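J.: Numbering (this note's numbering), first residue to last: 209 to 325.
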């Protein structure tokens, strides 16, 4: 038997007895005691919408971060076989001008979603 209030996943829940629950559904047969609740469709759609909104916000934040991808030009930059290839690490901050190493070209990364349209 659970206590009146309990915690799970950092959230506090309150136990409600079965007698206090209303199970609203369309009764299709005279002695039917179970059924799909009226709000089942809307609840599942709300859950999907919540995930969609979260993904949209994450993608918008990634797009606002303006990630810079460097593409090495094989004609200009040819490391020696004995030399280990090290990818340049560049810290980007707002309103910063960066000089790229020879042989590297910036490639823009802009997520298309959410769009401004």
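A virtual CB, placed ideally from N, CA and C, is assigned to each residue, including glycine. Given the structure is predicted, the values throughout are model-derived calculations rather than measurements.
Name the DSSP bridge partner or partners of residue 216?
T.: The residue given as residue 216 occupies position 8 in the chain shown. Residue 216 pairs with 219.
J.: Residues in the same chain with beta-carbon distance under 8 Å from residue 233, minus the five sequence neighbours each way, listed in chain order, please.
T.: Within the chain shown, numbered from 1, the residue matching residue 233 stands at position 25. Taken in chain order, the residues that qualify are 242, 243, 244, 245, 246.
J.: Is it buried or exposed for residue 209, if we count other Cβ within 10 angstroms and need 16 for buried?
T.: Reading the chain shown from its first residue, position 1 is the one you call residue 209. Below a pLDDT of 50, predicted positions are generally treated as unreliable, and residue 209, at 48, falls in that range; the measurement from the model is reported next regardless. By the 10 Å Cβ count, residue 209 comes out exposed.
J.: Out of curiosity, what's the CA-to-CA distance linking residue 230 and residue 237?
T.: By 1-based counting over the chain shown, the position of residue 230 is 22. By 1-based counting over the chain shown, the position of residue 237 is 29. Roughly 18 Å separates the two Cα atoms.
J.: May I ask you to report which of helix, strand or coil DSSP gives residue 243?
T.: On the chain shown, residue 243 is found 35 positions in, with the first residue counted as 1. Three-state result, residue 243: coil.
J.: Could you tell me which of 218, 264, 280 sits nearest to residue 309, measuring between CA atoms?
T.: In the chain shown, the residue the question calls residue 309 occupies position 101. When each option's Cα is compared against that of residue 309, the closest is 280.
J.: Over the uninterrupted alpha helix (DSSP H) stretch that includes residue 248, give me the two end residues.
T.: Counting from 1 along the chain shown, the entry for residue 248 is found at position 40. Unbroken alpha helix (DSSP H) run through residue 248: 248 to 272.
J.: So what does residue 226 bridge to, in DSSP terms?
T.: Numbered from 1 along the chain shown, position 18 holds the residue referred to as residue 226. Bridge partners of residue 226: none, in fact.
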